[in-house]
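Read the structure below first, then the notes.
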Amino acid sequence: MGWSTTLAGAGSALALLLLAGFLQARRGIGRLSLVPWDYLMILAAILLIMALVRMAVLWRDGWPL
């Protein structure tokens, strides 16, 4: 897994975290209120941390962009 895949994963985890945060704030409004957005936020945050750690390992090992 190189830089481009890791950056794509980090970007999608960040987008998912922001989307889940926005929908958590609107909880109770509409049909999307039944989804447990807080669990999705925790999962997205864990995935984002894992992607950042992977990028740190790639940077340390000197993988080219």
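Going by our numbering, the residue at position 51 of the sequence shown is 54; the numbering climbs one at a time, nothing skipped. Every residue, glycine too, gets a C-beta built ideally from N, C-alpha and C.
Would you call the CB atoms of residue i and residue j closer than 9 Å?
i   : j   : result
A11 : M58 : no
W6  : L61 : yes
A18 : A48 : no
Let me check understanding here. Comparing Cα to Cα, which of the options lies closest to residue i?
i   : options           : result
L46 : G65, A23, W66, T9 : A23
Can you tell me whether residue i is helix, strand or coil according to DSSP?
i   : result
M4  : coil
W66 : coil
R57 : helix
Closer than 6 Å by C-beta to residue i: which residues in its own chain qualify, once you throw out the five before and the five after it? Chain order, please.
i   : result
W40 : A23, L26, Q27
How close, in whole Å, do the beta carbons of residue i and residue j come, if the pair is a contact with beta carbons under 8 Å?
i   : j   : result
M53 : L20 : With a Cβ gap of about 13 Å, M53 and L20 do not count as contacting.
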